[in-house]
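Take a look at the structure set out below.
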Amino acid sequence: SHGNLHGQYSGPVDQALRPHGQGTLVLAGNSFLKFYGQWVNGELISSLMNEDEKRDQERANNFNRYRAKPSNKHKKKSSREYRGKSTSFSSAVFDGSSVMREPKDPVPTN
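Going left to right, the sequence shown walks through residues -3 to 106 as our numbering numbers them.
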């Protein structure tokens, strides 16, 4: 609890003109500091943040919102998705004939 805070609120209000939503509070007698918070029907329901804390939170939110998300291009597929689609892999037999060898190395005959 923040006790009784007195100052100038700016932000949305409810029908009874009480703070309701995201708003700014400038405390009486300390007009150079702004505090930000969330109110519901006149009650503060969040911690008050100063300008530096608000800026840090916004930066963190922006980072999380815009950071690179994995694309579906490289998404792991389940084994069920691979069945029947890659028969060339499962049926291919490697006989070594495509490997370049020195003439003295015999080609294996299995």
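Beta carbons: idealized from backbone N, C-alpha and C, even for Gly. These figures come from a predicted structure and were not determined experimentally.
The distance from the Cβ of Gly33 to that of Leu21 is about 7 Å, consistent with a contact at the 8 Å cut-off. Each residue's CA atom was taken as its position, placing Lys50 and Ser43 some 11 Å apart.
Only residues of its own chain outside the window of five on either side were considered, and among them Pro15, His16 have a CB closer than 7 Å to the CB of Val9, listed in chain order. In this structure, DSSP gives Asn46 an extended state, which the three-state scheme calls strand. Our two residues, Leu23 and Gly7, have alpha carbons roughly 15 Å apart in a direct line. Nearest C-alpha to Asn0 among Lys30, Leu40, Val36: Leu40. If you draw a straight line from the Cα of Asn60 to the Cα of Asn46, it is about 21 Å long. Nearest in C-alpha terms to Gly19, of all of Ala12, Asn26, Tyr62, Phe31, is Phe31. Separation of Tyr62 and Gly3 (C-alpha to C-alpha, rounded to the nearest whole angstrom) is 36 Å. The three-state reading of DSSP puts Phe28 in coil, since its state is none of H, G, I, E or B. Rounded to whole angstroms, the separation of the alpha carbons of Gln53 and Tyr5 is 21 Å.
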